[in-house]
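S.K.: Chains as they are written, first to last, in our numbering: chain A, 850 to 1191; chain B, 850 to 1191.
All C-beta atoms in this analysis are idealised placements derived from N, C-alpha and C, irrespective of residue type, glycine included.
None of these values were measured; they are calculated from a predicted model.
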DNA sequence: TTCTAAATCGAAAACGTTTTCGATTTAACG
DNA sequence: CGTTAAATCGAAAACGTTTTCGATTTAGAA
């Protein structure tokens, strides 16, 4: 029952551990005959190399860490899937941690992963995170690091993102194109870069089209959680504050769906009275009614590419090459549905 | 930059490696004075024990493996969240793998996890899986194993499930209670136990209420994927086959939502003409219109409890106790919404 | 046959930790 | 001061692998 070791194979064949090890790795300095013999008895005894020993000797674990703000989330679970699939192809396993949008947890988890000596770390930042010492620590320990989606521009590492500003601009421009004149924006929390960028894209589209930018039309998510309830709350407030709104660009599909629910409940017709555009293209957006116009955010692709960049850095570091960080910007597209038909 | 080892601390203080190690673990046979000294210099030098060496020595990795059929899935991502959170509390990390409902992949992934020498494995079976040698291999290697949701009854290990039969019975009974006489069932694929059990619950409810059980009203998911499209396809076929249907119990919310979409498109009124009950209580079910009556399946709880059972077995094995497997059945509840109002 | 080169093997160190057990020092007491 | 017990320490083995480098064997050529 106890697991087989090189030593046992060696004893069984009356040869040295060294030779067994080399035979299994097809070293040219062990004869074809013994190589074959060793291979056969190894598989007969169902030998599996002891990862712990291999790790210690080779100083690598073939495991990477992934820190993500939330797991139960259409976009992020797609990212996870992309990362796990791509990693498996290259022989890497993925440890997943959820930061719960908390900076403190994120810090602890980075520490945990470093102490486990993972071969690399993938991270999408918590909304709270405004200080980056923990990330710089990763870099200074020469552990490969790649950030995706919710990134910090200042941190020197590879990144995979979308152009949030451009996408938000596209979304807002679409509202303008179909005739909206007074467009509100439900934005995300203050800190995260993508929340800021989406807001800036919205603002720029207004200005470029000679529409007034009115700060009172921008609703910030104060609770930090982009929920269905948040959308209902904001929509309700918006109807009280402004009677003349004819379009809303909303930071996240889930919030947009909450907003639409509240608007409809209060008798607003979508898209006749108010057009709504979301962001992310959750599956849900396609099946509610009215179906939601939104920006497609390629989660799977983002996951795959993030791992690829990390893998590249792992390889480069092993070869002691100088590594140059890449910033990959993935394409987004506007998916037009019933919430903005004119 | 190179990482600090016990040896370096020992040399710096002019004491032995042994003492340093023991001091950091608060052994009583090293004086309080040296203990303090060691602790201080260790934290000063930012010492982190080398996991690889610790693993090799202690023969445990503090990592568990999780194999799941799909990641992008409301129920399963909730389970993941539950497991990861609970594991973290006990100092364990979680490696996640997606079997993609494939038996071959599942086998490979079990092998991978065993060769990584994880301290335990959590698994929800692929739909395809009908042979359990790979699982019995886990057990015979004395690696703790817990199955959840999609389980195999024959395999001797702890399990966390819901009573699918009872839940399906409840769902069907509800349809009967509101007056349905001809109730169809969209079931899952042939193999998985929960697909079978939900079907049996449906059938038993009919019989107990003196309603005819008509096999032609049961639609099997042949493609093996419980998708939105599957629901549309089945609903369309159902309308062709049977004109007198007044209720449908559907294996999964996603399929139910697809079915409702198709029904509405074809002019059927829900719930006036046909009442629909889903299964799982995805978030989506609460926000579509009409909102979907469904069975709440506690994903988070299932995840937490699965880890707890695994943890229990890990502890028991370490103490060489005899382990007795548990089968935990979690409660479900019927959530009544607009798709079945009478 | 003898010498040289190539082919084949194995001893040993190393990775960094944990833990056993024996050695040494200190304290306590008669 | 001598004896004993308690307190404190460290040498060494062990976990299982990888890899260097030297040793031995074999084959080939002269």
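What first and last residue would you give for the beta strand (DSSP E) that runs through residue 1182 of chain A?
M.R.: What you label residue 1182 of chain A is simply residue 333 of the first chain in a count that begins at 1. Per DSSP, residue 1182 of chain A belongs to the beta strand (DSSP E) from 1182-1184.
S.K.: Within 7 Å of any Cβ in chain B, is that where the Cβ of residue 947 of chain A sits?
M.R.: Here residue 947 of chain A refers to the residue found at position 98 when the first chain is read from its first residue. Yes - at least one Cβ of chain B is within 7 Å of the one on residue 947 of chain A.
S.K.: Grab me the residues of residue 941 of chain A's own chain with a C-beta within less than 6 Å of its C-beta, minus the 5 sequence neighbours each way, in chain order.
M.R.: For the purposes of this step, residue 941 of chain A is taken as residue 92 along the first chain, with counting starting at 1. For residue 941 of chain A, where only same-chain residues beyond five positions count, the Cβ hits under 6 Å are 911 and 913.
S.K.: Out of B/1013, B/1005 and B/963, state which residue places its alpha-carbon closest to the alpha-carbon of residue 1143 of chain B.
M.R.: Here residue 1143 of chain B refers to the residue found at position 294 when the second chain is read from its first residue. Comparing Cα-Cα distances from residue 1143 of chain B to each of B/1013, B/1005 and B/963, the minimum goes to B/1013.
S.K.: Does any residue of chain A bring its CB to less than 7 Å from the CB of residue 920 of chain B?
M.R.: Residue 920 of chain B sits at position 71 when you count from the first residue of the second chain. So, interface residue.
S.K.: For chain A, is any of its Cβ atoms less than 7 Å away from the one on residue 900 of chain B?
M.R.: Reading the second chain from its first residue, position 51 is the one you call residue 900 of chain B. So yes, residue 900 of chain B belongs to the interface.
S.K.: So with Cβ pairs under 7 Å, would you call residue 942 of chain A a contact of chain B?
M.R.: Taking the first chain and counting its residues from 1, one reaches residue 942 of chain A at position 93. Cβ-Cβ to chain B under 7 Å: yes for residue 942 of chain A.
S.K.: Near residue 850 of chain A, which residues of its chain fall below 8 Å by C-beta distance, leaving aside the five closest residues on each side in sequence?
M.R.: For the purposes of this step, residue 850 of chain A is identified with residue 1 of the first chain, where counting begins at 1. Confidence in residue 850 of chain A is poor, its pLDDT being 48 and thus under 50, which makes the residue's placement unreliable; the coordinate value appears in the next sentence. The answer is none, since no qualifying residue turns up.
S.K.: Using a beta-carbon distance cut-off of less than 7 Å, what residues from the stretch 966-986 of chain B approach chain A?
M.R.: Residues passing the 7 Å Cβ filter: 966.
S.K.: Does the distance from the CB of residue 949 of chain B to the CB of residue 1073 of chain B come in under 7 Å?
M.R.: Within the second chain, residue 949 of chain B is the residue found at index 100, counting from 1. Within the second chain, residue 1073 of chain B is the residue found at index 224, counting from 1. In this structure, residue 1073 of chain B does not lie closer than 7 Å to residue 949 of chain B by Cβ.
S.K.: To test your reading of the DSSP string, which unbroken beta strand (DSSP E) runs of 3 or more residues are found completely within the stretch 1077-1146 of chain B?
M.R.: Runs found: 1096-1099, 1124-1126 and 1143-1145.
S.K.: Using the rule of at least 16 other Cβ atoms within 10 Å of the residue's Cβ for burial, across every protein chain shown, is residue 1189 of chain B buried or exposed?
M.R.: Along the second chain, read from residue 1 onward, the residue named residue 1189 of chain B stands at position 340. Buried, since its Cβ has 16 or more Cβ neighbours within 10 Å.
S.K.: Using a beta-carbon distance cut-off of less than 9 Å, what residues from the stretch 1057-1091 of chain B approach chain A?
M.R.: Listed in sequence order: 1077.
S.K.: Taking residue 1132 of chain B as the reference, which of A/1172, A/983, A/936 and A/921 has the closest Cα?
M.R.: As a working note, residue 1132 of chain B is residue 283 in the second chain. When only C-alpha atoms are compared, the closest one is A/921.
S.K.: Can you check the stretch 969-996 of chain A for any alpha helix (DSSP H) of at least 4 residues that lies completely inside it and give the ranges in chain order?
M.R.: With a minimum length of 4 residues, the continuous alpha helix (DSSP H) runs that stay inside the stretch 969-996 of chain A are 982-989.
S.K.: So, do the stretch 1166-1180 of chain B and the stretch 947-961 of chain B have three or more beta carbon pairs nearer to each other than 8 Å?
M.R.: Segments in contact, no.
S.K.: Can the beta-carbon of residue 1128 of chain A be found closer than 7 Å to that of residue 1145 of chain A?
M.R.: In the first chain, counting from the first residue as 1, residue 1128 of chain A sits at position 279. In the first chain, counting from the first residue as 1, residue 1145 of chain A sits at position 296. Not a contact, by the Cβ cut-off of 7 Å.
S.K.: Can we say the stretch 866-879 of chain B touches the stretch 1049-1058 of chain A, given the rule of at least three CB pairs closer than 8 Å?
M.R.: No, the stretch 866-879 of chain B is not in contact with the stretch 1049-1058 of chain A.
S.K.: Where does residue 934 of chain B fall in DSSP's three states?
M.R.: Looking up residue 934 of chain B in the second chain gives position 85. Three-state result, residue 934 of chain B: helix.
S.K.: Ordered along the chain, which non-local residues of its own chain (more than five positions away) have a Cβ less than 8 Å from that of residue 1040 of chain B?
M.R.: As a position in the second chain, residue 1040 of chain B is number 191, starting the count at 1. Cβ within range, chain order: 976, 977, 978 and 979.
S.K.: Any chance the CB of residue 1010 of chain A is under 6 Å from a heavy atom of the ligand ATP?
M.R.: Looking at this structure, you won't find the ligand ATP or any other ligand, since it has none at all.
S.K.: Take residue 1066 of chain A and list the residues in its own chain whose beta-carbon comes closer than 6 Å to its own, dropping the five residues that flank it on each side.
M.R.: Your numbering for residue 1066 of chain A matches position 217 in the first chain. The answer, listed in chain order, is 1033.
S.K.: Over the uninterrupted alpha helix (DSSP H) stretch that includes residue 950 of chain A, give me the two end residues.
M.R.: Against the first chain, residue 950 of chain A aligns to sequence position 101. Element bounds for residue 950 of chain A: n/a, residue is neither H nor E.
S.K.: Which residue marks the beginning of the alpha helix (DSSP H) containing residue 892 of chain A, and which one marks its end?
M.R.: As a working note, residue 892 of chain A is residue 43 in the first chain. Looking at the DSSP string, the run of the alpha helix (DSSP H) that includes residue 892 of chain A is 881-893.
S.K.: Please decide whether residue 905 of chain B counts as near chain A, where near means a Cβ-Cβ distance under 7 Å.
M.R.: As a first step, residue 905 of chain B must be located in the second chain, where it is residue number 56. Judged by the 7 Å Cβ criterion, residue 905 of chain B is in contact with chain A.
S.K.: So, under 8 Å CB-CB, residue 1149 of chain A and residue 1177 of chain A are touching, yes? Tell me the CB distance rounded to an integer number of Å.
M.R.: Locating residue 1149 of chain A in the first chain gives position 300, counting from the first residue. Locating residue 1177 of chain A in the first chain gives position 328, counting from the first residue. In fact, because the Cβ distance is near 14 Å, the residues do not count as touching under 8 Å.
S.K.: Any beta carbon of chain B sitting closer than 7 Å to that of residue 926 of chain A?
M.R.: By 1-based counting over the first chain, the position of residue 926 of chain A is 77. Yes, because at least one Cβ of chain B sits closer than 7 Å to the Cβ of residue 926 of chain A.
S.K.: Below 6 Å CB to CB, which residues in the same chain sit around residue 972 of chain A once its five sequence neighbours on both sides are set aside?
M.R.: For the purposes of this step, residue 972 of chain A is taken as the residue at position 123 of the first chain. Around residue 972 of chain A: 916 and 996.
S.K.: How big is the Cα-Cα spacing for residue 871 of chain A and residue 879 of chain A?
M.R.: The residue labelled residue 871 of chain A in the question sits at position 22 within the first chain. The residue labelled residue 879 of chain A in the question sits at position 30 within the first chain. Rounded to whole angstroms, residue 871 of chain A to residue 879 of chain A spans 7 Å at the Cα level.
S.K.: Let me check one thing: in DSSP terms, what residues is residue 924 of chain B bridge-paired to?
M.R.: Locating residue 924 of chain B in the second chain gives position 75, counting from the first residue. Bridge partners of residue 924 of chain B: none, in fact.
S.K.: Going by other Cβ atoms of all chains shown within 10 Å of its Cβ, with 16 needed for buried, is residue 1064 of chain A buried or exposed?
M.R.: Within the first chain, residue 1064 of chain A is the residue found at index 215, counting from 1. Residue 1064 of chain A is exposed by the Cβ-count criterion.
S.K.: Taking only beta-carbon positions, decide if residue 964 of chain A is within less than 7 Å of chain B.
M.R.: Counted from its first residue, the first chain places residue 964 of chain A at position 115. Closer than 7 Å to some Cβ of chain B, the Cβ of residue 964 of chain A qualifies, so yes.
S.K.: Report the option in B/892, B/889, B/905 and B/1019 whose CA atom is closest to the CA atom of residue 1180 of chain B.
M.R.: Looking up residue 1180 of chain B in the second chain gives position 331. Cα-wise, what sits closest to residue 1180 of chain B is B/1019.
S.K.: Tell me which residue opens and which closes the beta strand (DSSP E) that residue 804 of chain B is part of.
M.R.: Nothing can be reported for residue 804 of chain B: it is not among the residues displayed for chain B, which extend from 850 to 1191.
S.K.: Listing by chain order, which chain B residues have their CB less than 9 Å from the CB of residue 930 of chain A?
M.R.: For this step, residue 930 of chain A is matched to residue 81 along the first chain. Going along chain B in sequence order, the residues near residue 930 of chain A (Cβ under 9 Å) are 919, 920, 921 and 947.
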